[in-house]
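Protein chains: 2
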Amino acid sequence: MTHLLAIGGSDAGIAAALRARELDPSADVTVMLADSYPNYSICGIPYWISGDVAAESDLAHRTGSDLEAAGIRLLTDTRAVAIDVDGRRVETVHAASGASSHVSYDEVLIGTGAHPVRPDGIPVGEPGVLPLHTMADAEAVHEAVAALAAGARVAVIGAGYIGLEMCEALIARGLDVTLVQRGPEVLSTLDPELGALITGEARAHGVAVATGTTVTSLTPDRGGTWLVHASGPDSSTNLLDAPFSLVIVCLGVAPSTELAVSAGAELGSHGAVAVDDRMRTGVPHVWAAGDCVVTHHRLLGLTWLPLGTTAHKQGRVAGENMLGGDRRYAGSVGTQVVKVFDLVAARTGLRDRDAADLPGTTPLSSITIADDHKAYYPGAVPLSIGVTGDTATGRLLGAQIVGHRSAEVAKRIDVFAAALHAGSTLDEVSDLDLSYTPPLGSPWDAVQVAAQAWERERRERA
Amino acid sequence: MTHLLAIGGSDAGIAAALRARELDPSADVTVMLADSYPNYSICGIPYWISGDVAAESDLAHRTGSDLEAAGIRLLTDTRAVAIDVDGRRVETVHAASGASSHVSYDEVLIGTGAHPVRPDGIPVGEPGVLPLHTMADAEAVHEAVAALAAGARVAVIGAGYIGLEMCEALIARGLDVTLVQRGPEVLSTLDPELGALITGEARAHGVAVATGTTVTSLTPDRGGTWLVHASGPDSSTNLLDAPFSLVIVCLGVAPSTELAVSAGAELGSHGAVAVDDRMRTGVPHVWAAGDCVVTHHRLLGLTWLPLGTTAHKQGRVAGENMLGGDRRYAGSVGTQVVKVFDLVAARTGLRDRDAADLPGTTPLSSITIADDHKAYYPGAVPLSIGVTGDTATGRLLGAQIVGHRSAEVAKRIDVFAAALHAGSTLDEVSDLDLSYTPPLGSPWDAVQVAAQAWERERRERA
Chain A
8 MTHLLAIGGS DAGIAAALRA RELDPSADVT VMLADSYPNY SICGIPYWIS
58 GDVAAESDLA HRTGSDLEAA GIRLLTDTRA VAIDVDGRRV ETVHAASGAS
108 SHVSYDEVLI GTGAHPVRPD GIPVGEPGVL PLHTMADAEA VHEAVAALAA
158 GARVAVIGAG YIGLEMCEAL IARGLDVTLV QRGPEVLSTL DPELGALITG
208 EARAHGVAVA TGTTVTSLTP DRGGTWLVHA SGPDSSTNLL DAPFSLVIVC
258 LGVAPSTELA VSAGAELGSH GAVAVDDRMR TGVPHVWAAG DCVVTHHRLL
308 GLTWLPLGTT AHKQGRVAGE NMLGGDRRYA GSVGTQVVKV FDLVAARTGL
358 RDRDAADLPG TTPLSSITIA DDHKAYYPGA VPLSIGVTGD TATGRLLGAQ
408 IVGHRSAEVA KRIDVFAAAL HAGSTLDEVS DLDLSYTPPL GSPWDAVQVA
458 AQAWERERRE RA
Chain B
8 MTHLLAIGGS DAGIAAALRA RELDPSADVT VMLADSYPNY SICGIPYWIS
58 GDVAAESDLA HRTGSDLEAA GIRLLTDTRA VAIDVDGRRV ETVHAASGAS
108 SHVSYDEVLI GTGAHPVRPD GIPVGEPGVL PLHTMADAEA VHEAVAALAA
158 GARVAVIGAG YIGLEMCEAL IARGLDVTLV QRGPEVLSTL DPELGALITG
208 EARAHGVAVA TGTTVTSLTP DRGGTWLVHA SGPDSSTNLL DAPFSLVIVC
258 LGVAPSTELA VSAGAELGSH GAVAVDDRMR TGVPHVWAAG DCVVTHHRLL
308 GLTWLPLGTT AHKQGRVAGE NMLGGDRRYA GSVGTQVVKV FDLVAARTGL
358 RDRDAADLPG TTPLSSITIA DDHKAYYPGA VPLSIGVTGD TATGRLLGAQ
408 IVGHRSAEVA KRIDVFAAAL HAGSTLDEVS DLDLSYTPPL GSPWDAVQVA
458 AQAWERERRE RA
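Residue numbers (the numbering used here), protein chains in the order written: chain A, 8 to 469; chain B, 8 to 469.
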């Protein structure tokens, strides 16, 4: 019987394994992972730190028993160190004992994910200077936070999704939180006009936000604290004058490609493993998916945009093809969402600045404010909706929405995402037959109000 | 200068007028309406009755002054009685004075809407037996409800959107509410398995629901009350044993086509005015849109599905074309949503029973329960998602969702609506790059979990 082996127990590996077992309940499927946390929700870590999630084990999408019940063999604490392509076997080292071994395969999937970048000057891993990517990292942060007195100063370096979610978690834990961000606003996945709303939301909830500020070094201070040194405007760097009891580093990730390279796979965009849309590496019987591989993007072509949603889809494609199927990954449009305190920020497709670099387009971006539902019904709130389109063709290129967490922002961005997937124009977004009832929408939904405002601006500029 | 005249001051007429003025700020545009409520939200009436909306005037999408500021001339209290097609003028009667007059036009839009059906045996319009369609109806109901003592018995006949919303409003007003519905469950826009959830929700909030019950007659009882007589199971008709202080009739509508017919327009599906996808009636310079016209449906072809969202779109198309444009109405997919107490029910495309009648398809429907967001994050609730697709092609034919009002049901149905608009398969719904963050979704959104469950069921039946 064909033996499918997935290396990596996160989204891509698990999705591949589940898909294979779904399509062929007799398939022989193994998932090998370097730690003992198969199928954990890395995205959920901030909610464990905050206390919203009571137990670490609640973060498992599925327990080990669930996976075994689905017919998947788990090899935990087993690190893959090399792939013998000719012999079709993976050389392994056991995490605890250090014992070497090997696992044979017929088809192998590399789902080694990504790892945090380690910028110069920041001694990540020193006591009190912690990364946050793996469950082991999460445990260290959880322990460090539990040891802090109320009101202790904590710095979060990097204001992406995890950085912002961690600020919210640390505020919930009663700490004094300073967020350091290189860009002009937090959440650089949004254009700055919309990112500013999130910067304001973080500040309104008590986070000291230093924008335009680049950390240059950390130096130890008394009692195990750290002084953070940075370049930026005085008003920002002043926020760093006192030492921090804990520094959490959330500066993004890079693809983990060593294993794939050692197997002979080539690298592509952003140094990620090159795969085709069937998740083939080109090395016989070696597949790859998830954060370690390039991303096929429906607007940008090949890029690298590591997201859990994408890893699931790529893994599912790989699982089917490793069984002999011929599924293609349909491609990402870069849809993302994050809750920051009482706001939700979402984005799909290209930002204004991304579109400016896209050959053959003349992008135009507009921002519209529209109520989430009829103003006469209680609880209506404004949505800020940025739309980017191509003035020549009227084609939708991207959208961004910021609004209250009650305003169905996430699923509104999904309407734009579906339209992007279909290659729609903004006019076609207006044509969509969207739902309406006064407590939940308007006869023209806010996304259509924004599409029509973009069309108006396009006409006025023509 | 070309004079555009819209007859009817609701969604279609106003949308046409606004679109014409948007595209040509010098256009000469008049909206004629039989009452004095231009651009009122008929969908908002239950929320005025409930007290959620403080003042009737709050239900105006735009005030008369707003419309005049947009350059639209309003002729209120002016009923169009005939169209002189050769003379290009509309014969009118003033509502109060009864004076006859006429208004000339170059292009005229008929947006006469629909009117409540008046079934045999129900003396609609008698004191205490009230319809609910126009603002005048709303005023009568508002006044009647205000005159009732707490706990007075009120019957609502018909459990569609307005009937259900009225039950909620009347419960909010402290009344004893009985809902009478002919079908096996309330909300026959859903398949019964999902409608049952709404029946249960109404009952849980104190509404006595008589399903499978057809009202045969009403007879006056003491003190101006009414006895409701019906056929149906004893257990249901028993709910009608005591008299009602007020009976509200919400039994649906029929297209108001007299004016169009008098102008020589032809009727089509369901007796609605036949128009092409440019909203032309075929009578020179006479256009029609909104609840009075047939609906171009992307799956069903020509049908009649009166909805405010559709009226807005058709009106907008007409307004552009009356100016000489060449816009086509892209077609409805029948997307609808309603909030009933703490649940939201939404639907797009075809129900199981509709699909069974569609030529060339072998429909399969499945119902899936999926959480709205990751179960580990507080507040996760189950969504019941019905999916109907064609087993031969895998094409999505329709979807229905019932879930808590916090669960972004409305915008989730919109994702299905966008996929239907694009003619997608269920597999392609899985391919959509939808947003994910633990507080708001899952790596595979609930709509994709349902799509995959449908695909699984299709495979198992193959």
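A virtual CB, placed ideally from N, CA and C, is assigned to each residue, including glycine.
Note that the coordinates shown come from a computational prediction; the quantities given were computed from them, not determined experimentally.
Item                                                                                                                                                                        : Value
Going along chain B, which residues have a C-beta under 7 Å from residue 24 (chain A)?                                                                                      : Within chain B, no residue comes near residue 24 (chain A); the closest Cβ sits about 15 Å away, beyond 7 Å.
Less than 7 Å between the beta carbons of residue 202 (chain B) and residue 219 (chain B), yes or no?                                                                       : no
CB residue 268 (chain A) to CB residue 352 (chain A), shorter than 7 Å?                                                                                                     : no
Residue 215 (chain B) versus chain A: which residues are under 8 Å apart at the beta carbon?                                                                                : The contacting residues do not exist; residue 215 (chain B) stays about 24 Å from chain A at best.
With a Cβ-Cβ cutoff of 7 Å, do residue 354 (chain B) and residue 197 (chain B) count as a contact?                                                                          : yes
Could you pull the start and end residues of the beta strand (DSSP E) that residue 381 (chain A) belongs to?                                                                : Neither: residue 381 (chain A) is in no beta strand (DSSP E) and is coded neither H nor E.
Could you check what DSSP says for residue 39 (chain A) in three-state terms: helix, strand or coil?                                                                        : strand
When DSSP labels each residue in this structure, what does residue 330 (chain A) get in the three-state scheme?                                                             : coil
Taking 7 Å as the CB-CB limit, is residue 376 (chain B) close to chain A?                                                                                                   : no
Check distances from the C-beta atoms of the region 95-126 of chain A to those of chain B and list, in chain order, the residues that come in under 7 Å.                    : none
If you measure from the beta carbon of residue 71 (chain A) to each beta carbon in chain B, is any gap under 7 Å?                                                           : no
Beta carbons nearer than 7 Å to chain A: which residues of the region 390-423 of chain B have them?                                                                         : 415, 417, 418, 419, 420, 421, 422
Does DSSP classify residue 365 (chain B) as helix, strand or coil?                                                                                                          : coil
Answer yes or no: does any C-beta atom of chain B fall closer than 7 Å to that of residue 64 (chain A)?                                                                     : no
Can you name the start and end residues of the beta strand (DSSP E) that residue 238 (chain A) belongs to?                                                                  : 233-238
Looking at the structure shown, is residue 461 (chain A) part of a helix, part of a strand, or coil, going by DSSP?                                                         : helix
Is it true that the CB of residue 356 (chain A) sits closer than 7 Å to the CB of residue 404 (chain A)?                                                                    : yes
Does the region 256-276 of chain B come close enough to the region 286-297 of chain B that 3 or more CB-CB pairs lie under 8 Å?                                             : yes
For residue 340 (chain A), go through chain B and note every residue whose CB falls closer than 8 Å to its CB, in chain order.                                              : 440
Any chance the region 50-57 of chain A sits against the region 360-377 of chain A, with 3 or more Cβ pairs inside 8 Å?                                                      : no
Could you give the distance in angstroms between the alpha-carbon of residue 215 (chain A) and the alpha-carbon of residue 248 (chain A)?                                   : 12 Å
Taking residue 380 (chain B) as the reference, give the member of B:43, B:109, B:444, B:406 with the closest Cα.                                                            : B:444
Give the straight-line distance between the Cα atoms of residue 326 (chain A) and residue 292 (chain B), rounded to the nearest whole angstrom.                             : 60 Å
Comparing the C-beta of residue 5 (chain A) with each C-beta of chain B, is any distance below 7 Å?                                                                         : Residue 5 (chain A) cannot be examined here, being either before or after the span of chain A that is shown, 8 to 469.
From which residue to which residue does the alpha helix (DSSP H) around residue 145 (chain A) run?                                                                         : 142-153
Could you have a look at residue 342 (chain B) and say whether DSSP puts it in helix, strand or coil?                                                                       : coil
Using 10 angstroms around the beta-carbon of residue 245 (chain A), count the other beta-carbons present and answer buried if the total reaches 16, otherwise exposed.      : exposed
Got a sec: which bits of the region 43-55 of chain A sit with their beta carbon under 7 Å from any beta carbon on chain B, in order along the chain?                        : 48, 50, 51, 54
Could you have a look at residue 54 (chain B) and say whether DSSP puts it in helix, strand or coil?                                                                        : helix
Return yes when the Cβ of residue 454 (chain A) is within less than 7 Å of the Cβ of residue 416 (chain A), no when it is not.                                              : no
If you follow the alpha helix (DSSP H) that residue 207 (chain B) is part of, which residue opens it and which one closes it?                                               : 199-211
When you check each C-beta in the region 444-458 of chain B against every C-beta of chain A, which residues fall closer than 8 Å?                                           : 444, 445, 446, 447, 448, 450, 451, 452
How many angstroms separate the CA atom of residue 437 (chain B) from the CA atom of residue 21 (chain B)?                                                                  : 39 Å
With burial defined as no fewer than 16 other Cβ atoms inside 10 Å of the residue's Cβ, what is the status of residue 114 (chain B): buried or exposed?                     : buried
Going along the chain, which residues of its own chain have a beta-carbon closer than 6 Å to the beta-carbon of residue 323 (chain B), five neighbours each way excluded?   : 22, 26
For residue 184 (chain B) and residue 161 (chain B), which I take to be in contact (beta-carbon distance under 8 Å), what is that distance rounded to the nearest angstrom? : 5 Å
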